[in-house]
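What follows is one structure encoded as structure tokens, with my remarks underneath.
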Amino acid sequence: MAIRGERGGTLRRHRTLVRAERGQAATPMITREKRKLTPWVVYSKIITFWAPGFLLAKLGKMSDPGMQQAWREKIALVSLIILICGAVVYLTIFLPITFCPQSVAKYQSNIFELGDKSGDSNVIGIQGKAYSTAQAKWQSQLGFTPIPGQDMTPYFNVPMPKSCTSSKLKKFRAAEYDVCKSNNGNNGCPLGNLEKAIKDNNFKPMNKRPIGYDWSDVKPGFFVINGHVLNLTPYLLSVNKSPSTDMLDEAIFAAANNSLVDASLLFQRTTSMKAAADCLIDRFLAGELAKDTPGCFAVNLFNYAALAVIGGIVLTRFFMAVVFQYFLSWQLVRRPPRSKVRPLSYNAAAPWNGKKPQTGGATASLGKGEDDELFTVMLVTCYSEGEDSIRGTCDSLCNTDFSDARKMLFIVADGIITGSGNDRSTPDICVDLIEQEESFKDPQPCSYLAVAAGSKQHNMAKVYCGYYRVGKRRTPALVVVKCGAPTEQDAAKPGNRGKRDSQMILMNFFSRVIFNERMAPLDYDLFRKIHHLTNQTPDVFEIVLMVDADTKVYPDSLRLLVNCMHNDKLIMGLCGETKIANKRDSWVTAIQVFEYYISHHLSKAFESVFGGVTCLPGCFCMYRLKSPKDNGWVPILTKPEICQEYSQNVVETLHERNLLLLGEDRFLSTLMLRNFPARKMMFMPQAICKTVVPDEFKVLLSQRRRWINSTVHNLMELVLVRNLCGAFCLSMQFSIFLDLVGTVALPVAIVLTYILIVRACMTTYNSVSAYLPLAMLIMVLFLPAVLIFITTRKWIYVAWMFVYLLALPIWNLVLPTYAYWHFDDFSWGETRKVHGEGKDKGHGDDGGHFDASSVPMKRWEDYERKRLRSIKRKERKEIDDSSSYQLPLVDDSANAGLLKNSVEDSMYYESHPGYSFLDGSSSASVQESSNGTLANNYRAPTSSSHHHQQFQHQQQYEMQVYGQGQQGLQYSAYDDYGAQQPQQGPGGGMQYAAYDDYNQQMAQQQQQQSRQRPGGPRDYR
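Residue numbers (my numbering): 63 to 1083.
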């Protein structure tokens, strides 16, 4: 049962509501085996065979084998990106050229179909071109009326084209054969010379429109070469048969006799046959195919399919984003109904639970007021930010319209670091922001296992506790200062382990609390101080809000996000909209405004419909620590598998380093989706924050390098998750795959975009299919403008959109290209500068050998027992100093403070004959109560009333052993001698007594002994 009592109340163990095995010790972390020669490693070595190791060490200054392998993997990744970009270029530009050349495609849009009587019927075809005979003055009688578009070329004496005079074609009879013979089927060439006849008969060319033939119009004597229809009837009638030595004639007669309509392949065998094909086209051309050639048909089919897929995804994302904005998000952010019954038991497999809450019933109560608000930790990770940024963030968090009794500020300062331009270190800034508790004003550094390699795994931190005051608000606050181990105090950045380590301090702590696992000294220190500040044991906290130290949240943001968690138990992660606070500082900030807007209201809104937001930004996001299910709890962010994988400290491959050293926020989202594919990751547009973005291009370049590389590697992980929402093309997995391809193809995509725009301005299109790429481009670029009107109705964002479009070469070409070439750069670069710091090398460097035994790991009971024994020693020493009487009763054994069973208790006190019980009986008598409990109420010997008064004056802790229930013993502790009567325990398992507050005298002594801070910076060692 959760504790909501007065300070100094007892902490007891109660029956757990989760499975029994959850209370057992955590399974040792299994280190996955590393295969040295994976297919990926082999490929990277093959693709970089030209760069041996000694050459990289000498010229590239990469002596470390890990650095060399990272460089090889970078080259391998870049080669794959080039391959994908090349495929995009080929499919966009060269696929039509290959299968549907321009010479073929241009006729399809301006063709006059043979036999078409719907328009002008006075049309004839001459050498494949349409001529009008409406005003013709026929000089010779043909004896028939031509059908519209009929080929009249055989009736003219056509001059020999230049393509037929080549020396290589002299061996072919058809190249120079005169077809104006009487046996050609037309009685020679009755209309005479072509040019003279056109002029004399007043034939008018129709803008060089080609004559179009359907496949059914290609009759014997006609065949097709590369989409051109040839009429060789006069030649075939003149020569009758083909000589066996003429390859060209063999092909012509084979096409005619075998009724081979498309004879293109017959003329592609040799170079001379290709030249002969050009000659035949110039001499015997009758028209063009009115229908698409197979190649053009395939190209058009591909274009339509691409339009359907890409356009469908764009439109689907757009409409789903609108649906989410208007119909789904508002249902989640509404305030939970007050009549809703909510379980109030927060018990886990831990010995500190069991105190009866003040709010009412043992299992549930009606939610009233703040009872609807879930206990929330507000995590603020700091590195080198200034006081204004950190104070602004903390002010905004504490000013949220959320009960101070249900939230706690958790600030982590990542090392003893002074940011560029700051006059104090970041820890000094953070500690000065809170009103420290007097009883904990001089904390001692506590060890913990950090996320680092080698000896850097051992880190130490100080925990300052107090309250953050802003206006009339007073919020419990903890400041964790990572000060480093004693061996690194002379280093440039002692204690610095990165943002992921700061997050893992909180995640590991709550995971160990929920599962009652062994704790590091830092965890126990956090436990005591959280309980002291909030009057709650840490296991009552269900939610963690993560914000960066340069983020300001709106007053209603925390409440809206918690409402979503309250209304849908399947939601495990949330983020709100991030707006830019310094949008007008420079052109660099201006180009980011619309990019931030569209990434939230289009991308994340679409993903929220399926509950699969792939990235919750670390500057403003919320996760569940645990989720209620039936009568128990399910660990979410505190799940051991997530904590184990997120805290990997040995990162060897390029892929792992990009995941864990650069994009920890996105990787955490990926882990959540992989471990809980049936739960939801959502975006709430109503919850808003503002953050400061880079205002210099070099800082933006460094930031986006990390983001882009992290995005690529996380999408590579997510695309392998098969049980995401949807199926095939309508699945989140397929959408993620398209995002991955689209991300790596960004540089070539923007180049193709401008090529498409230039071609659109220089080309006249006469078919619908020709406009498809242009229509797709317009839809992709300007559909967000419609989304702006629907979602925000702020036309200023349209202006920001045009600023963004002008900067498209930067977003899609400069930044991705720079990022891909720096795949092996794992530093934070220019993003966070530190005073006096050189080149940042990241947190992946090996720090030497690490001895795991240097960080003790104990259970909460062991820490508490040790603390109580220490208190008793101090009290005994004070009594010994003030009196000559010696007390044999003071227990300095291993069982002091937390006794294990009643049998040991009775044996212990029977061995002290001078000891008496509260009821006046001697140590030899044991009174058993009516319910079967054993009441061993001990006090000081009665031989000296003076000594007894001194003992009572010092407020000695006294232990009451009571309530031997169905499953074990229960203990309670009292600060005042005989102040409370024994209580009847509920009999729900082992419950131990613990003390979170010293007595007043001890607190005063500790305050007097605390070290006062001098005028200079604090000493965190």
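In this text, a Cβ means the ideal position worked out from N, Cα and C, and glycines have one as well.
Leu441 is a Cβ neighbour of Val606, given a cutoff of 7 Å.
Judged by pairs of C-beta atoms under 8 Å, the region 630–640 touches the region 675–690, as three or more such pairs exist.
The criterion of a C-beta distance shorter than 7 Å is satisfied by Tyr866 and Ile653. Looking at the DSSP output, Ile750 bridges to Glu639.
Under the three-state reduction of DSSP, Arg686 is assigned to strand. Looking at Arg535, Pro756 and Thr613, the one whose alpha-carbon comes closest to that of Lys645 is Pro756.
Counting along the chain, the unbroken alpha helix (DSSP H) around Pro356 starts and ends at Pro356 to Ala368. Counting every other CB atom within 10 Å of its CB across the protein chains shown gives Phe389 a total below 16, marking it as exposed. Non-local C-beta neighbours of Leu780 in its own chain, meaning closer than 7 Å and more than five positions away in sequence, comprise Thr676, Thr732, Leu735 and Ile798, ordered along the chain.
Proximity of the region 589–599 to the region 663–682 falls short of the contact definition, fewer than three beta-carbon pairs being nearer than 8 Å. Going by beta carbons, Pro878 and Pro809 fall inside the 7 Å limit. Only residues of its own chain outside the window of five on either side were considered, and among them Ile143 and Ile146 have a CB closer than 6 Å to the CB of Val806, listed in chain order. Per the DSSP secondary-structure output, Asn293 pairs in a beta bridge with Phe284.
DSSP, read as helix, strand or coil, puts Phe389 in helix. By the CB criterion at 7 Å, Asn248 and Ser300 fall outside the cutoff. Unbroken beta strand (DSSP E) stretches of 3 residues or longer found wholly inside the region 531–588: 535–544, given in chain order. Burial check for Leu436: the Cβ neighbour count within 10 Å reaches 16 or more, so the residue is buried. Arg574 and Leu584 have their C-alpha atoms spaced approximately 12 Å apart. When secondary structure is reduced to three states using DSSP, Ala348 falls in the strand class. DSSP places Cys492 in the helix class (H, G or I) of the three-state scheme. The beta carbons of Ala313 and Leu328 sit closer together than 7 Å. The beta carbon of Leu818 lies closer than 7 Å to those of Pro835, Leu836 and Leu839 in the same chain, with the five residues before and after it left out. Beyond the five residues adjoining it in sequence on each side, Met566 comes within less than 6 Å, by CB distance, of Val513 and Ser709 in the same chain, given in chain order. In this chain, Ile478 is not harboured by any beta strand (DSSP E), its DSSP state being neither H nor E.
The C-beta separation of Ala337 from Ala325 comes to about 16 Å, leaving the pair out of contact by the 8 Å criterion. A Cβ-Cβ separation of about 7 Å places Ala475 in contact with Val541 under the 8 Å criterion.
Note on Gln130: 16 or more other CB atoms within 10 angstroms of its CB, so buried under the neighbour-count rule. Here Phe218 is not near Val361, since their CB atoms are 7 Å or more apart. By the CB criterion at 7 Å, Gly190 and Pro272 fall inside the cutoff. By the Cβ rule, the region 613–631 does not count as touching the region 654–667, because fewer than three pairs are nearer than 8 Å. Ser391 has its alpha-carbon roughly 26 Å from the corresponding atom of Val783. Under the three-state reduction of DSSP output, His717 falls in the helix class. Between Lys136 and Phe729, the CB-CB gap reaches or exceeds 7 Å. Under the rule that a run must span 4 or more residues, the alpha helix (DSSP H) segments found entirely inside the region 617–669 read 619–629, 649–652 and 655–660. Here Ala383 has His663, Leu664, Ala667, Phe668 and Leu849 as same chain residues with Cβ atoms under 7 Å from its own Cβ, once five neighbours each way along the sequence are excluded. Here the C-alpha atom of Ser183 lies approximately 11 Å from the C-alpha atom of Phe174.
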